[in-house]
Amino acid sequence: MLSFFGRLLSLSLSLSLHLACSLIDLTVSGLSQNIKQLFALVCETLKYAGILKEIIGSTKLLKQEKKLQLSVAKVLVYDLLFGKGVKCGGNWKAIITKHRSQLKSALARLKVKRKVSRNEDLIVSKASGSQGCRVPRYVRVNLLKTSTNDVIDYFRRDGFIYRGRATSVNDLKHLKGKEFICDLHLPELLVFPSTIDLHQHFLYTAGHIILQDKASCLPAHLLNPPQGSHVIDACAAPGNKTSHLAAILRNKGKLFAFDLDIQRLATMGTLLLRAGVTCHQLANEDFLLVASSDPKYQDVRHLLLDPSCSGSGIVSRLKQVTEDEESASPERLQALSSFQRKALCHALSFPRVQRVVYSTCSVHQEENEEVVREVLQQHRDSFRLVNLMPSWPYRGLDTFPEGSLCLRASPDQTLTNGFFVAMFERWSGEKTTEQTKSPSQAKASLSAVDTVGMDGNSEASPSTAPTVKRKRKKKKKKLQPSA
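Here the sequence shown stands for residues -20 to -1, 1 to 463, where the numbers follow mature numbering (1 follows the signal peptide of the UniProt record, and there is no 0).
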């Protein structure tokens, strides 16, 4: 997300000169409207960025106009071909008008090549199938403040229509209007149509629900630390996974959360306060510099590592329109994977850690299977991979023998953001039969690997759920919709 806004700001600055002579006359009274139009112009230009770059390249526009920068060229060509026409005057209009016929011919040829008739169809044809997929709105119930049943009851009394519990991913595809359903894998997760906006809803503003993609819920759900545990969230901001861990712990235990960005950490503190998290200790530190030998962390047995990544799995309109070649460049992926390997090795260095979940919101093998493969090779004598949720349909790539023990998520197959999860478990060196089973073989013994969910349901994570019986808590006061 930060990378998107960085690119947006950079492009906005590059385009500001064009905007000044284009859409409107800049006046103090119209400043707010100008900003909105600037944002709209940038977003629309970015949406067609790949198409514009292809047209500019095929016409050799930048070679013919040496003073024209690519960012400005993109918005000028957008105005000419996809907008309401070039409205600016002066040199910019003269430059782009001179190439009008050439640019329009290039657009026509591209539409013929892509076998589309409308301009907007160019975006769809260029996008991958996953980008064209509508990911539902996922809502995680914050069990620190309420219960799943109470939230369902609140939504029903607020005019929403509850469709029960999903039995397959297909059930999530057909939600419409104000319908919602309980997720088939995570019992505390509710699913709404993608068009539903709950940012102003009381349950959200009061911290009773968290708007969090299903794939992002998997790391904490799979780590599943018992109440009273000492847990590390290594790269914690913005804090959704941290609050999820706290909910699993029921605020009992210690949750050490690190992040290098002080502003993100401050925002995270506000989020955790709203969510009712009290067991956390935030630290503005680089996780790589945290001493694993520090006595403070001697009882840490569970660790969640969700390090910086390319973010290539995030599916949203703003993410899609900013996707470019740089996000998947070999140099960038190499730098990211190098950091990820170091962070994962450091996570495994904590002397009493038993389970480490590694996750990314990336689709790239370099950040996922390759990182896990290399780190596992270095620590094979003391750690192994856990066979995560054998019922999950999308597995890790078979680039190494244990690849299928990992999870992948995608808009196509799981109706979520693109995601990757692997879990390392400390072991004595003797492989068990369960650990070496393939996902298909493990289906027969699913209950032995998938743990009991937070609401007592059997669809959940790996096998660390405590076997001791928990005392029955007093029923929480039911939520009442505001008048």
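Backbone N, C-alpha and C define an ideal beta-carbon position, used for all residues, glycine too.
| Item | Value |
| --- | --- |
| Counting only the same chain and skipping the five closest in sequence on each side, list residues whose C-beta sits under 7 Å from that of Arg332. | Gln278, Asp279, Val280 and Arg281 |
| Do three or more CB pairs link the region 95 to 104 to the region 234 to 243 at distances below 8 Å? | no |
| Regarding Asn71 and the ligand SAH, is the C-beta to nearest heavy atom distance less than 8 Å? | The model on display carries no ligand, and the ligand SAH is accordingly not part of it. |
| Would you say Leu284 and Ala214 are within 9 Å of each other, going by their C-beta atoms? | yes |
| Sort Leu87, Val257 and Gly249 by Cα distance to Arg230 and report the nearest one. | Val257 |
| Kindly indicate the opening and closing residues of the alpha helix (DSSP H) around Lys234. | Unbroken run through Lys234 is the beta strand (DSSP E), Lys234 to Phe238; no alpha helix (DSSP H). |
| Quick one: give me the first and last residue of the alpha helix (DSSP H) that His359 is part of. | First-last for His359: undefined, no H or E at that position. |
| Can you tell me which of Phe267, Ala255 and Lys221 puts its alpha carbon nearest to the alpha carbon of Asp241? | Phe267 |
| Would Tyr134 and Leu169 qualify as a contact pair, given that the criterion is a beta-carbon distance under 9 Å? | no |
| Would the region 78 to 94 and the region 114 to 125 be scored as touching if the rule is three or more Cβ pairs under 8 Å? | no |
| Do Gly376 and Leu387 have their C-beta atoms within less than 9 Å of each other? | yes |
| On the criterion of 16 or more Cβ atoms from any shown chain inside 10 Å, does His165 qualify as buried, or is it exposed? | buried |
| Use the C-beta contact count for Asp274: other C-beta atoms within 10 angstroms, 16 or more gives buried, fewer gives exposed. | exposed |
| State whether the region 311 to 322 contacts the region 248 to 255, with contact taken as three or more CB pairs (one from each stretch) at a distance under 8 Å. | no |
| CB-CB under 6 Å to Glu159, same chain, minus the five flanking residues each way: which ones, in chain order? | Ile141 and Arg143 |
| Need the endpoints of the beta strand (DSSP E) that Gln82 sits in, please. | That residue, Gln82, is in no beta strand (DSSP E); its alpha helix (DSSP H) goes Arg80 to Arg94. |
| In terms of residue numbering, what span does the beta strand (DSSP E) encompassing Cys259 cover? | Segment: none, Cys259 is in no beta strand (DSSP E) and carries neither H nor E. |
| For Lys125 versus Gly219, is the C-beta distance shorter than 9 Å? | no |
| Quick check: Asn122 and Ala227, are their CB atoms within less than 9 Å of each other? | yes |
| Tell whether a beta-carbon distance below 9 Å holds between Arg335 and His224. | no |
| DSSP three-state call for Ile190: helix, strand or coil? | strand |
| Step through the CB atoms of chain C and report whether any lies within less than 9 Å of the CB of Ile294. | The question asks about chain C, but that chain is absent: this structure has only one protein chain. |
| My parser needs the alpha helix (DSSP H) runs of 4 or more residues fully inside the region 159 to 230; what are they? | 182 to 185, 194 to 203 and 220 to 229 |
| So for Val301, helix, strand or coil by DSSP? | Confidence is the limiting factor: at Val301 the pLDDT is only 47, short of 50, which leaves the residue's position unreliable and the question unanswerable from this model. |
| Please report how far the alpha carbon of Thr25 lies from the alpha carbon of Lys54, in whole angstroms. | 7 Å |
| Considering only their Cβ atoms, is the gap separating Ile189 from Val96 smaller than 9 Å? | no |
| Taking only the alpha-carbon atoms, compute the straight-line gap between Phe400 and Leu50 and give it to the nearest angstrom. | 34 Å |
| So the candidates are Tyr28, Ser290 and Leu328; which of them puts its Cα closest to the Cα of Glu311? | Ser290 |
| Output the boundary residues of the alpha helix (DSSP H) element that contains Leu56. | Leu50 to Leu61 |
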